[in-house]
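One structure is given below, encoded as structure tokens.
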Amino acid sequence: MTLDVLARRLRRDLGDGAVITDPATRRTYECDGLTAYRSMPGLVVLPEDAEGVQATVRACRDARVPFVARGSGTGLSAGALPEADGVLIVTARMRRILDVDLPNRRAVVEPGVINLEVSRAVGPAGWYYAPDPSSQQICSIGGNVAENSGGAHCVKYGFTVHHVTGLEVCTADGELVRLGAGRAAQAPGYDLTGVFIGSEGTLGIATKIWVRLSRSPQAVCTILAAFASVEQAGAAVSAIVAAGLRPAAAEIMDALAIGAAEAAVSCGYPPGAGAVLIVELDGPEVEVEAETAAVTALCGEAFEIRTATDPQRRAAIWRGRKSAFAAVGRISRDYIVQDGVIPRTALAEVLREIERLASAAGIRVANVFHAGDGNLHPLVLYDGTEPGALGRAEQVSGAILDLCVSRGGSITGEHGVGVDKAAKLPLMFGPDDLATMRLLRDAFDPDGRANPGKVFPTPRRCAERGGGVPAPGRAAVPTARTGDGDGESA
Amino acid sequence: MSLDLLEAAAGMARAAGPADTVGGRPAKYVAAPGRPEQLAALLARCAAEGLTVVPRGDGSKLDWGTPPSTVDVLVDTARLAGVLEHPEGDLVVTVGAGTPLRALQAVLSRTGERLALDPPSEEATVGGVLATGEAGPLAHTYGFPRDLLIGVQFARADGVLASSGGKVVKNVAGYDLGKLLCGSYGTLGVVTSATFRLHPLPVARAWLTRPVHRPDQVVEMVEALAASPLTPAAVEVDLPPGNGRPVPRQRGGNEPAGPAMLAVLFEGSALGVPARCHAAAELLGAESDQPSIVDEPPPWWGRYPFGAADVGLRLSVPPAELAATVALLREAAGVPVPVRGSVGLGVLHAALPGDLPVPRLAEILATVREGLAGRDGWCVVLCAPAPARAELDLWGPAPGLALMHRVKEQFDPRRLLSPGRFVGGI
Numbered sequence: 003m004t005l006d007v008l009a010r011r012l013r014r015d016l017g018d019g020a021v022i023t024d025p026a027t028r029r030t031y032e033c034d035g036l037t038a039y040r041s042m043p044g045l046v047v048l049p050e051d052a053e054g055v056q057a058t059v060r061a062c063r064d065a066r067v068p069f070v071a072r073g074s075g076t077g078l079s080a081g082a083l084p085e086a087d088g089v090l091i092v093t094a095r096m097r098r099i100l101d102v103d104l105p106n107r108r109a110v111v112e113p114g115v116i117n118l119e120v121s122r123a124v125g126p127a128g129w130y131y132a133p134d135p136s137s138q139q140i141c142s143i144g145g146n147v148a149e150n151s152g153g154a155h156c157v158k159y160g161f162t163v164h165h166v167t168g169l170e171v172c173t174a175d176g177e178l179v180r181l182g183a184g185r186a187a188q189a190p191g192y193d194l195t196g197v198f199i200g201s202e203g204t205l206g207i208a209t210k211i212w213v214r215l216s217r218s219p220q221a222v223c224t225i226l227a228a229f230a231s232v233e234q235a236g237a238a239v240s241a242i243v244a245a246g247l248r249p250a251a252a253e254i255m256d257a258l259a260i261g262a263a264e265a266a267v268s269c270g271y272p273p274g275a276g277a278v279l280i281v282e283l284d285g286p287e288v289e290v291e292a293e294t295a296a297v298t299a300l301c302g303e304a305f306e307i308r309t310a311t312d313p314q315r316r317a318a319i320w321r322g323r324k325s326a327f328a329a330v331g332r333i334s335r336d337y338i339v340q341d342g343v344i345p346r347t348a349l350a351e352v353l354r355e356i357e358r359l360a361s362a363a364g365i366r367v368a369n370v371f372h373a374g375d376g377n378l379h380p381l382v383l384y385d386g387t388e389p390g391a392l393g394r395a396e397q398v399s400g401a402i403l404d405l406c407v408s409r410g411g412s413i414t415g416e417h418g419v420g421v422d423k424a425a426k427l428p429l430m431f432g433p434d435d436l437a438t439m440r441l442l443r444d445a446f447d448p449d450g451r452a453n454p455g456k457v458f459p460t461p462r463r464c465a466e467r468g469g470g471v472p473a474p475g476r477a478a479v480p481t482a483r484t485g486d487g488d489g490e491s492a
Numbered sequence: 008m009s010l011d012l013l014e015a016a017a018g019m020a021r022a023a024g025p026a027d028t029v030g031g032r033p034a035k036y037v038a039a040p041g042r043p044e045q046l047a048a049l050l051a052r053c054a055a056e057g058l059t060v061v062p063r064g065d066g067s068k069l070d071w072g073t074p075p076s077t078v079d080v081l082v083d084t085a086r087l088a089g090v091l092e093h094p095e096g097d098l099v100v101t102v103g104a105g106t107p108l109r110a111l112q113a114v115l116s117r118t119g120e121r122l123a124l125d126p127p128s129e130e131a132t133v134g135g136v137l138a139t140g141e142a143g144p145l146a147h148t149y150g151f152p153r154d155l156l157i158g159v160q161f162a163r164a165d166g167v168l169a170s171s172g173g174k175v176v177k178n179v180a181g182y183d184l185g186k187l188l189c190g191s192y193g194t195l196g197v198v199t200s201a202t203f204r205l206h207p208l209p210v211a212r213a214w215l216t217r218p219v220h221r222p223d224q225v226v227e228m229v230e231a232l233a234a235s236p237l238t239p240a241a242v243e244v245d246l247p248p249g250n251g252r253p254v255p256r257q258r259g260g261n262e263p264a265g266p267a268m269l270a271v272l273f274e275g276s277a278l279g280v281p282a283r284c285h286a287a288a289e290l291l292g293a294e295s296d297q298p299s300i301v302d303e304p305p306p307w308w309g310r311y312p313f314g315a316a317d318v319g320l321r322l323s324v325p326p327a328e329l330a331a332t333v334a335l336l337r338e339a340a341g342v343p344v345p346v347r348g349s350v351g352l353g354v355l356h357a358a359l360p361g362d363l364p365v366p367r368l369a370e371i372l373a374t375v376r377e378g379l380a381g382r383d384g385w386c387v388v389l390c391a392p393a394p395a396r397a398e399l400d401l402w403g404p405a406p407g408l409a410l411m412h413r414v415k416e417q418f419d420p421r422r423l424l425s426p427g428r429f430v431g432g433i
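Chains as they are written, first to last, in our numbering: chain L, 3 to 492; chain Y, 8 to 433.
See the structure below:
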């Protein structure tokens, strides 16, 4: 009944078109990019601006119901999983770029603005917005802020937190608060912008975002090196880093992932490669030339090297890599996209261990990873129609995270914790650490109304399991998965 | 409360001496824990006794910020020092909070690495740099301490040890509490160790310097550089007061001020750096003001323009508003004001004469803050002689202050950590 009253209030405040009560339409919002978790939102609201978000959050406050923010819904950790008895606040109509200030290298955007739209708006003038999650054509800046999204180029340029200098946020009690320096670089006080970014919607909703604009590099060179083995490709990355070079991206695909990409998009990578390494160098032309020569020399074990500097040929090299997640659907009915991080130097050892885990379980794992920063995306392949296959896949997928943590790494490099990995967070943090993090949560949202059930381990709720998953389980991903995510950059 | 109990907790403690003060407030005790567990036990003991605590590294910035209301125990981090983990080839390092930054850089340079932080206080410890969020010219490219810190362990006011982040650069698991600690002036916790992302030492470095005559000329040059593809590593300007008044160099003592100057650092390959320097010289040169390309920084590079007797200001403004800000400050002050800073970022430091009457200083600050209000501009007093320090509003307005109070309330409800030192009386 509470939600009915809430819906009436919000229709009055925001207009009929902003409030969705119809079950069939609400159902379209029941999951984000991680479709294994589903829960139909009690109410869906689509505000047009910050004041609309504020009105909605205030209504939630008064009615004591939880709210969940959703951008484009491309996240891969069920971070935007709705609450059945709560309100889903969708920022998709907040798509205005409010200001572009080139002299100060800033833009101010609403949270629903699509990542790539920022670069499109300032590209003709020679600028761009650096974080580039692979879903950048559809993911929203607000989602990027929630997840602290990276991208293939974050190894050199950093994550969302390095490119957002200020926020306006709506707190759980419905206050609109300006945080951070905005057009300046530093503001007095605690770095609340810094902790808000990556807090997965649990500290409030960003309603305006000040983003730093970067100068488009003068030159870009993409190098494709084909190796007999993943070990050789990994060794080349180590040699590149040891030589003091700073690639803008360094990506590796193993033979299984290459095979899938060939089947899907005929990317034409060198036949017979056990692994391909894609290295991108960017910056002043003179530096890129020197670095290209150095990287090429350090890939001495490669049996074929291609370099490209013009946009078309560069795109051709990237095509296989960018299609890799979706392409795996060509070689497997179902698969789980994992996201873990290890110290880069542990790469060869960890990949051997993943291979061992996989063969012991009779499962195939395709490996695609951001080699420059040790961020692995193992794709655990299985057939959901085969009894027990999902369970084995989940077991391997979970064991891979355990492996990452045991080598001093992380359970997530970019997809976020969300609901999916909340139970895994204690692998990295003890009770005192988690209790300390909760202090921050309590400072922002003492009643726990903002995106409840995310990040922190809680007893599992039944609403989180559901339709489309062939067996009771956690991280199963149906074939329809595209591998795109607000927090994902593969 | 006996010294014995503090010593039992920390492993080392003594009664405070005359030099053990924070912003003029004398401490009662000095304790120097040697391990994180000792720090935790010390803070738990202090919490049990209701004692206030201020952490101290090298003490280079201990007098920054508002004097704390009381200092019962100074926590000396000197024994929490040393490189704890520096795995080969991973470009990360974990160090104790009491480690001098200079010592850390020396260790890292042996393997061709660096922590890309070059704060002006060269004697500073890692913990002190984090607590004040201090950065130098390299912030232009690499950001502030918060941008390089990837993991942190700290002791809370109640003596609980907590960690966030990790030892890999890419990691979004849990809240990033390191962000909160950076620049928090010891009001939320005491850092025991920190893990940083490292960068390779550049093969080549060179500075391009060029005299400048007016602040608006600096803005034009900074915009031209930013719009160029030359990617300078740092862009600094020195605007001396223009009356021949000596400007403190912090290291070399006072020297007569030179002409106003822009200096741009380029880092990269042996071939690339000279080529980019020459391209920048073409971009920025004029017939009468030919740039010089030098392989040592100018003497003022990376140093504050204020000394112990001055009121040291930090102004953070949108870079395009540099000229207006300098004019605003100089007009408000009515006296020659040396200004120096990272103009590409809009972070400037300035010195007001410390012998100005406190009401006059307050008036100058109020005028400057009013002029910057609503323009994303802030002016804080970093340091000042004792009377001014005690009476001025050193911090001014801060965006999101109410939320900051709530954060403090959660982390340190009894206000035992550096009470009153931070924005809004936090």
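Ideal Cβ placement from N, Cα and C applies to all residues, glycine included.
Buried versus exposed call for residue i [16 or more other C-beta atoms within 10 Å across all chains shown]
i, result
"T387 of chain L", "exposed"
"P306 of chain Y", "exposed"
"G265 of chain Y", "exposed"
"L10 of chain Y", "exposed"
"A380 of chain Y", "exposed"
"E398 of chain Y", "exposed"
"C464 of chain L", "With a pLDDT of only 43 at C464 of chain L, under 50, the local geometry of the prediction cannot be trusted, and the value read off the model is given with reservation. Exposed, because fewer than 16 other Cβ atoms sit within 10 Å of the Cβ of C464 of chain L."
"D101 of chain L", "exposed"
"T27 of chain L", "exposed"
"A317 of chain L", "exposed"
Coarse secondary structure for residue i, derived from DSSP in three states
i, result
"A477 of chain L", "Confidence is the limiting factor: at A477 of chain L the pLDDT is only 38, short of 50, which leaves the residue's position unreliable, though a coordinate-based value still follows. The answer is coil: DSSP assigns A477 of chain L none of H, G, I, E or B."
"F327 of chain L", "helix"
"P107 of chain Y", "strand"
"K174 of chain Y", "coil"
"R180 of chain L", "strand"
"K35 of chain Y", "coil"
"R66 of chain L", "coil"
"D6 of chain L", "helix"
"P326 of chain Y", "helix"
"T216 of chain Y", "strand"
Contact list for residue i against chain Y, beta-carbon separation under 8 Å
i, result
"V352 of chain L", "Chain Y residues near V352 of chain L: none, gap ~12 Å exceeds 8 Å."
Residue i versus the options, residue with shortest Cα-Cα distance
i, options, result
"G418 of chain L", "Y:L122, Y:V179, Y:A213, Y:A164", "Y:V179"
"T204 of chain L", "L:R214, L:V157, L:E149", "L:E149"
"G361 of chain Y", "Y:L336, Y:G384, Y:G314, Y:E338", "Y:G314"
"W385 of chain Y", "L:A80, L:G184, L:V157, L:P135", "L:G184"
"G261 of chain L", "L:R248, L:R97, L:V278", "L:V278"
"G275 of chain Y", "Y:E377, Y:A85, Y:W308, Y:P207", "Y:P207"
"L291 of chain Y", "Y:L215, Y:L352, Y:R321", "Y:L215"
"D434 of chain Y", "Y:A270, Y:V175, Y:T148, Y:A234", "Within the shown structure, residues of chain Y are numbered from 8 to 433, placing residue 434 of chain Y beyond reach of any answer."
"V343 of chain L", "L:T162, L:S121, L:D34, L:G410", "L:G410"
"R315 of chain L", "L:S268, L:G81, L:I225", "L:I225"
"G285 of chain L", "Y:V198, Y:R21, Y:R283, Y:A51", "Y:R283"
Heavy atom of the ligand ATP within 7 Å of residue i beta-carbon
i, result
"P127 of chain Y", "As far as ligands go, the structure on display features none, and thus does not contain the ligand ATP."
Partner residues on chain L for residue i, Cβ-Cβ distance less than 9 Å
i, result
"A234 of chain Y", "L104, A127, G128, W129, R217"
Under 8 Å from the C-beta of residue i: neighbouring residues of chain L
i, result
"M411 of chain Y", "G191, Y192, L194"
Chain-ordered neighbours of residue i on chain L, where CB pairs are closer than 7 Å
i, result
"G150 of chain Y", "H164"
Partner residues on chain Y for residue i, Cβ-Cβ distance less than 9 Å
i, result
"G81 of chain L", "Those do not exist, as G81 of chain L stays about 10 Å from chain Y at its closest Cβ, beyond 9 Å."
7 Å Cβ cut-off: residues of chain Y touching residue i
i, result
"N146 of chain L", "Per Cβ cutoff of 7 Å: no residues; N146 of chain L is ~11 Å from chain Y at best."
With a floor of 3 residues, list each beta strand (DSSP E) that falls wholly inside the region 349–430 of chain L, ordered by position along the chain. If we require 3 residues or more, the beta strand (DSSP E) runs fully inside the region 349–430 of chain L come out as 366–372, 377–384.
As an exercise, report each continuous beta strand (DSSP E) stretch of at least 3 residues that is fully enclosed by the region 174–244 of chain L, in chain order. Here the runs fully enclosed are 178–182, 207–214, 221–229.
Restricting to runs no shorter than 3 residues, where is the beta strand (DSSP E) found entirely within the region 31–100 of chain Y? Runs of beta strand (DSSP E) with 3 or more residues, each lying fully within the region 31–100 of chain Y, are found at 36–38, 60–63, 80–83, 90–92, listed in chain order.
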